[in-house]
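Take a look at the structure set out below.
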Amino acid sequence: IQTPPARARGIHVFLLEGHLELDLSFVSTAELRATTDRWRIVFDREGEVARRMSIPLPDRPRLSEQGRFRYLAGCGSLWFGLKALQRNEHLLAADRLAEVRSHIAALACLDHFGTDEQVAQRADTLPDASRLVLHSLVCNATAPELGRAFRAAIAALSHYDQALLQSKLGDTE
-2 IQTPPARARG IHVFLLEGHL ELDLSFVSTA ELRATTDRWR IVFDREGEVA
48 RRMSIPLPDR PRLSEQGRFR YLAGCGSLWF GLKALQRNEH LLAADRLAEV
98 RSHIAALACL DHFGTDEQVA QRADTLPDAS RLVLHSLVCN ATAPELGRAF
148 RAAIAALSHY DQALLQSKLG DTE
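With the first letter of the sequence shown counted as 1, position 71 gets the number 68 in my numbering; the numbers rise by one all the way through.
Here you go:
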């Protein structure tokens, strides 16, 4: 099954008998880097893989920059979703709500784990209050439910707006 790529070129997941999961990513040699020390090279004919894996990763953006990006992207998705709801385009509004939920989940992960990587895998391990907020952003594509969910999204983004303004999320500049 092909899954949507996040930052890799293509990720394929094959479920084998006994629920064994194998994830394959295809990355050009120029982009190959070890992201943690747990990676082990199994096969490397000419030493190119070992050389590339030893190159340090580029500096990550500061938490405050990541938080601001996620906040602004969430606000943009929120605005487009509200416009779609106003035009009675409920399916489009639901798609935009999903984008907002994704950005709010990333903000929660930044707040609690210090990173917005692997948001989908970490969302279920967030504290109860954060998970309740994310659950409030799931609804049917009907005007009343979408209106309720968008009001919850506004409240959630407002919370992170305050966190960014008060430098609680990320480093102080």
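We put the CB at the ideal spot given by N, CA and C, even for glycine.
Model, not experiment: these values are computed from the prediction.
Thinking just about the alpha-carbon of each residue, which of the options is nearest to the one in residue i?
i: Leu88; options: Phe147, Thr139 and Leu29; result: Thr139
i: Phe110; options: Arg98, Gly64, Asn85 and Glu96; result: Gly64
i: Asn137; options: Val116, Ala90, Asp121 and Asp158; result: Ala90
i: Arg30; options: Arg42, Ile52 and Glu45; result: Ile52
i: Leu107; options: Ala160, Asp125, Glu45 and Gly44; result: Ala160
i: Trp36; options: Gly44, Met50 and Asp92; result: Met50
i: Asp230; options: Arg67, Gly44 and Leu131; result: There is simply no residue 230 to check, as the chain begins at -2 and stops at 170 in what is shown.
i: Pro141; options: Asn85, His132, Trp76 and Gly44; result: Asn85
i: Ile151; options: Gly44, Glu45, Asp92 and Trp76; result: Trp76
Looking at the unbroken alpha helix (DSSP H) that takes in residue i, where does it start and where does it end?
i: Gln118; result: Val116 to Arg119
i: Cys106; result: His87 to Phe110
i: Ser51; result: Run containing Ser51: none; DSSP gives neither H nor E here.
i: Val130; result: Asp125 to His132
Rounded C-beta distance between residue i and residue j? I'm assuming under 8 Å.
i: Phe147; j: Leu94; result: 7 Å
i: Asp113; j: Ala103; result: 4 Å
i: Ser74; j: Val97; result: 5 Å
Are residue i and residue j touching if we call contact CB-CB under 8 Å?
i: Ala27; j: Ile38; result: no
i: Ile101; j: Leu79; result: no
i: Ala105; j: Leu123; result: yes
i: Val116; j: Ser127; result: no
i: Cys72; j: Leu129; result: no
i: Leu143; j: Leu69; result: no
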